[in-house]
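Q: Please read through the structure below; I'll follow up with questions.
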Amino acid sequence: MPFQLIATLGNQTFELPPGATLILGRALNSDIPIFDPTISRRHAEVRSDDTGVQVRDLGARNGILVNGVKVDDARLTAGDVVTFGKVAFRVREMARPALPTPSSTRAARGAATIVRKVPSRDPQMSGVGGVLGATSAGIAAARAVAVPPLDGHTPDPAAYAELLEGQQKLSLLLEVSTALSRAVETDALLEKIVEFTFQILDADLVAVLLTDGQGELVPKVARERAGGAATRSVPQSIARTAVEQKVGVLSDDAPQDQRFGGESVLMQKVRSTMCAPLVGGEGAVLGVLYVDNLTTTHRFRESDLEFLIAFAGIAAAALENSRFAERIRREALVRGNFERYFAPSLAARIAESPEAARLGGEKREVAVLFSDIRGFTALSESMRPDETATLLSEYLTEMVECVFRNGGTLDKFIGDAVMAQWGAPLSAPDDADRAVAASVDMLDALATLNRKWRAEGRPELQVGIGLSYGEVFAGNIGSERRLEFTVIGDAVNTAARLCRAAGPGDILIEERMRAALRRPCELAEHLTLQLKGKSQPVRVYRVVARAAESSDLAATAPAIPAAR
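Written as structure tokens, this is what we have:
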């Protein structure tokens, strides 16, 4: 009479085919796999017959209890409770199944090579759930082993064990999918894939190869069962077939196989081999999962191939999820760094398209803005340090918002001065107009702050702003220990000097900036200035800003149109 082990807690049930000796343990390739930390990898041997169940301790750390008594070897009957580690099962007698129509338990092999088409995964289904749905054909094949014919009163032990194995493999796939989902980094995930494959299949070599940007297979991890990195390579003829045809391949006797009996197979002395493609959600092949055996032909069965295909589908989904998670983390890091200097919308564009922001350094046409507080040194001497810091923080926060709101890049703070630029690393046709708009916004924002500070009895601030346009070098400048993205060149120097020449409430621009403007802007000619470093005087214009508290000279200067 067949027996079962029924978990006293949970819903695990294991059928014990009469005459079969089963290994119970935590290893994935155990006949009775129990995934509990108190269970050893090879915990116990279980054998049943018509009259009962025999259990034997295989040297497990937490041993075996029968009805609460520790044993090394014991005979069980229906109703007994056996505890492996801390997991308890009750022995139950099964009802005898009805007599089925006799059928073969394994399809005739016929050829040395079996090729199994890999089901496509629906891109609308994400993660492991999509893989299990897409590989239902493979799982169904593993479960659909015919119930073996009865011979008198005893089922065929080998066929019955194969039926049980198919059911256990489905359970293993679910356990493996959970374990792989915990591995986030790609390298750690690939190691887990190899580790699980060794536990599931009797292989001498397990390897994962991934496709590169040109579609070539690149070895990523290869391990031998004895431990350590593999000293031999994967036969390319087998791997290429799996990738090009999107099929799982089983070769019973690789050297004699006319399809794969190439030099690489003979040199590697491969006997039995299997290879399954790692197919992504969009149907693209991410790589292959390869296993082989050097000692025995016919080591792998068709059911092993079905199982490898299903496992490869889960591994492909986990690999896609891992890559996606790494990309999200990388983009978040990039955006986090760039948002210190760039407007959030600009930072998002750079993070999504790194090639658009050639940070190595290049010449760019940019608009440069300098803004500086007038008389701040004297003002700070009359204030406590904490009051100075609070006032300056409020001011700089508003100034940065004005830059970002107009799509600019914050280059740096220089004491109480602000340096910003438009045009690097990404440019727009109206960079000069945006820079002028930001400077007007700065004066508007400062006017609002001054009204607030005046009501609170705090000091008010006045600023001068200088703008210039021209070619600069834009890129990472600094040392190996500290780099920052900045711009250097004549336009930067000119803007800084115009800022120093600007009076409270002035926005000064030079001729190149005026010529770069695309939108009408009310300007007043200010002065012709001799700037340091310039051999010729520079014609300077003042932007007539709504909120600007103009100097006397600027207020009386005639208005002139922007260059068109």
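Counting from -14, one number per residue, gives the positions in the sequence shown under this note's numbering. We treat Cβ as the ideally placed atom computed from N, Cα and C, and that holds for glycine. Keep in mind the model is a prediction, meaning the values are calculated, not measured.
On the three-state DSSP scale, how would you describe L493?
A: Three-state result, L493: strand.
Q: Whether or not the stretch 478 to 486 and the stretch 379 to 395 are in contact is what I'm after, with contact meaning three or more pairs of Cβ atoms, one per stretch, closer than 8 Å; do they touch?
A: Output reads no: the stretch 478 to 486 does not touch the stretch 379 to 395.
Q: Go ahead and pull the three-state DSSP assignment for L279.
A: Coil at L279, not helix or strand.
Q: Assuming A224 and G265 are in contact, meaning their beta carbons sit under 8 Å apart, how far apart are those beta carbons, in whole angstroms?
A: Rounded, the Cβ-Cβ distance is 17 Å, inconsistent with contact.
Q: Classify V203 as buried or exposed, calling it buried when 16 or more other Cβ atoms lie within 10 Å of its own Cβ.
A: With fewer than 16 other Cβ atoms within 10 Å, it is exposed.
Q: Taking all protein chains shown into account, decide if M79 is buried (16 or more other Cβ within 10 angstroms of its Cβ) or exposed.
A: M79 is exposed by the Cβ-count criterion.
Q: Can you say whether T226 is buried or exposed, counting buried as having 16 or more other CB atoms within 10 angstroms of its CB?
A: T226 is buried by the Cβ-count criterion.
Q: For T68, which residues from the same chain have a beta carbon less than 6 Å from its beta carbon, with the 5 sequence-adjacent residues on both sides left out?
A: Around T68: L50.
Q: Which residue from L354, E456, L446, Q(-11) puts its Cα closest to that of E347?
A: Here the closest residue by C-alpha is E456.
Q: What residue range does the beta strand (DSSP E) around S257 cover?
A: Residues 257 to 264.
Q: Taking C-alpha atoms, which residue in F285, V523, G442, A363 lies nearest to I494?
A: With distances taken between Cα atoms, I494 lies closest to V523.
Q: In the DSSP assignment, the beta strand (DSSP E) including M384 goes from what residue to what residue?
A: Careful: M384 lies outside any beta strand (DSSP E), inside the alpha helix (DSSP H) at 370 to 390.
Q: According to DSSP, which residues form a beta bridge with L(-10)?
A: The partner list for L(-10) (beta bridge, DSSP) reads F(-1), V76.
Q: Roughly how far, in whole angstroms, is the beta-carbon of L508 from the beta-carbon of A417, given that I think they are within contact range, below 8 Å?
A: With a Cβ gap of about 13 Å, L508 and A417 do not count as contacting.
Q: Nearest CA to the CA of P489: which residue from L9, G449, V234, G272?
A: Closest by alpha carbon: G449.
Q: Could you check how far apart the C-beta atoms of I294 and G233 are, in whole angstroms? I think they sit under 8 Å.
A: Yes, I294 and G233 are in contact; Cβ-Cβ is about 4 Å, under 8 Å.
Q: Please tell me whether E507 has its Cβ less than 8 Å away from any Cβ of chain D.
A: The chain labelled as chain D is not found in the depicted structure, where only one protein chain is given.
Q: Counting pairs of Cβ atoms below 8 Å between the stretch 13 to 23 and the stretch 33 to 42, do you hit three or more?
A: No, they do not touch.
Q: Taking buried to mean at least 16 other C-beta atoms within 10 Å of its own C-beta, is R504 buried or exposed?
A: The residue in question, R504, is exposed, as its Cβ has fewer than 16 Cβ neighbours within 10 Å.
Q: Quickly, what does DSSP pair G272 with across the bridge? List them, please.
A: For G272, which the question treats as bridged, DSSP gives the partners L195, L263.
Q: Provide the residue span of the alpha helix (DSSP H) that contains L7, from first to last.
A: L7 -> not in any alpha helix (DSSP H); beta strand (DSSP E) instead, spanning 6 to 10.
Q: For A5, tell me which candidate among Q(-11), G212, N435 has the shortest Cα-Cα distance.
A: Measuring from the Cα of A5, the nearest candidate turns out to be Q(-11).
Q: Work out the CA separation of G392 and G118 for me, nearest whole Å.
A: Bear in mind that a pLDDT of 40 at G118, under 50, signals an unreliable position, so the model cannot answer this.
Q: State buried or exposed for G360, treating a residue as buried only when at least 16 other CB atoms are found within 10 Å of its CB.
A: Exposed, by the Cβ-count rule.
Q: Spatial neighbours of G474 within its chain, please: CB distance less than 8 Å, with the 5 preceding and 5 following residues excluded, ordered by chain position.
A: If we look at G474 and ignore the five residues flanking it on each side, its Cβ neighbours are G455, E456, V457, F458.
Q: Taking the continuous beta strand (DSSP E) assigned at K205, which residues delimit it?
A: Taken as a continuous stretch (DSSP letters only), the beta strand (DSSP E) holding K205 covers 202 to 209.
Q: My assumption, with CB atoms under 8 Å, is that E305 sits in contact with T171. Please give the rounded CB distance.
A: Actually they are not in contact, since the Cβ atoms of E305 and T171 sit about 10 Å apart, beyond 8 Å.
Q: Starting from R443 and walking both ways along the beta strand (DSSP E), at which residues does that stretch end?
A: Per DSSP, R443 belongs to no beta strand (DSSP E) and is neither H nor E.
Q: Sorted by chain position, which residues of the same chain lie with C-beta nearer than 8 Å to P414's C-beta, five sequence neighbours on each side aside?
A: Taken in chain order, the residues that qualify are R503.
Q: Using only the alpha-carbon positions, how far apart do K437 and E445 sit?
A: Cα to Cα, the separation comes out at about 9 Å.
Q: Kindly list the residues whose CB is nearer than 6 Å to the CB of M384, restricted to its own chain and excluding five residues on each side of it in sequence; keep chain order.
A: The residues are V403, M427.
Q: Closest to M498 by CA distance: which of L514, S520, V525, V270 is it?
A: Nearest of L514, S520, V525, V270 to M498, Cα basis: V525.
Q: Could you give the first and the last residue of the continuous beta strand (DSSP E) run that contains T216?
A: Careful: T216 lies outside any beta strand (DSSP E) and carries neither H nor E.
Q: Cα-Cα, which of T(-7), D401, L43 is closest to T355?
A: Note that residue 355 is Phe in the sequence shown, not Thr. Nearest of T(-7), D401, L43 to F355, Cα basis: D401.
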